[in-house]
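See below for the structure under consideration.
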Amino acid sequence: MLMVTDLFGMLRRLELTPTATNVLSVMVERQNPGGVVPITQQDIAEELQILPSVVSRGMTLLVERGLVLRKGYRYRLHPAIAGYSSELEMQAAMARAAREGVPPILIPDYQAAPPKAGRSRLRAVS
Numbered sequence: 000m001l002m003v004t005d006l007f008g009m010l011r012r013l014e015l016t017p018t019a020t021n022v023l024s025v026m027v028e029r030q031n032p033g034g035v036v037p038i039t040q041q042d043i044a045e046e047l048q049i050l051p052s053v054v055s056r057g058m059t060l061l062v063e064r065g066l067v068l069r070k071g072y073r074y075r076l077h078p079a080i081a082g083y084s085s086e087l088e089m090q091a092a093m094a095r096a097a098r099e100g101v102p103p104i105l106i107p108d109y110q111a112a113p114p115k116a117g118r119s120r121l122r123a124v125s
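0 is the number of the first residue of the sequence shown in numbering that gives the first Met the number 0; add one for each residue after it.
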């Protein structure tokens with residue numbers, strides 16, 4: 000059983016799209032201890048039954064927020080949200096992250112919620 004930190008307490012504040020949330024869910028479920036995710040975007044697309052391009056957009060948001068760390072085509076979860084096989088392993092990973100300077104998880108600080116994506120109601124006038 001993997002030990003995880005309190006990711007779910009902050010999910011709402013991260014302003015993730017439904018696709019990004021689903022992609023993150025698959026990654027959390029399929030991760031190895033320490034947060035390494037041994038699957039590709041194609042694998043995630045197949046599991047979620049969506050197009051790889053849709054997974055790519057969700058993954059981009061997860062990387063921008065700092066929840067997922069990308070190196071080439073390999074992904075791992077941020078140490079603060081990764082699962083670990085023991086509390087000792089989790090403490091060692093957090094200490095290593097502090098020494099190596101892992102990017103922070105970015106929580107948007109909107110004064111007002113951004114508009115929802117979709118069709119614009121604006122029309123050109125002549």
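From the three backbone atoms N, C-alpha and C, an ideal C-beta is built for every residue, glycine too.
Quiz item: Using CA coordinates, which residue listed in 35, 14 and 22 is at the minimum distance from residue 79?
Solution: Closest option to residue 79, Cα to Cα, is 35.
Quiz item: Cα separation between residue 0 and residue 107?
Solution: Confidence at residue 0 is low in this model, with a pLDDT of 47, below 50, so its placement is unreliable and no value can be given for it.
Exercise. Take residue 130 and list the residues in its own chain whose beta-carbon comes closer than 7 Å to its own, dropping the five residues that flank it on each side.
Key: What is shown of the chain runs 0 to 125, which leaves residue 130 out entirely.
Practice problem: Look at the Cβ atom of residue 13, then the Cβ atom of residue 64, and state whether they are nearer than 8 Å. | Solution: Closer than 8 Å, so yes.
Exercise. Could you say which of 25, 93 and 96 lies nearest to residue 46 if we only look at CA atoms?
Key: Comparing Cα-Cα distances from residue 46 to each of 25, 93 and 96, the minimum goes to 25.
Quiz item: Is any beta-carbon of chain C found at less than 8 Å from that of residue 87?
Solution: Annotation note: the requested chain C is absent from the structure, which comprises a single protein chain.
Practice problem: Could you have a look at residue 50 and say whether DSSP puts it in helix, strand or coil? | Solution: The answer is coil: DSSP assigns residue 50 none of H, G, I, E or B.
Quiz item: Going by the CB atoms, is the gap between residue 33 and residue 92 shorter than 8 Å?
Solution: Yes, Cβ-Cβ distance for residue 92 and residue 33 is below 8 Å.
Quiz item: Buried or exposed: where does residue 44 fall if 16 or more other Cβ atoms within 10 Å of its Cβ makes it buried?
Solution: So residue 44 ends up on the buried side.
Quiz item: What residues match up with residue 126 in a beta bridge as DSSP calls it?
Solution: As shown, the chain starts at 0 and ends at 125. That puts residue 126 outside it, with no answer to give.
Quiz item: Can you check whether the CB of residue 62 is closer than 8 Å to the CB of residue 18?
Solution: At a Cβ-Cβ threshold of 8 Å, residue 18 and residue 62 do not count as neighbours.
Quiz item: Among 16, 38 and 28, which has the Cα closest to the Cα of residue 69?
Solution: The shortest C-alpha separation from residue 69 is found at 38.
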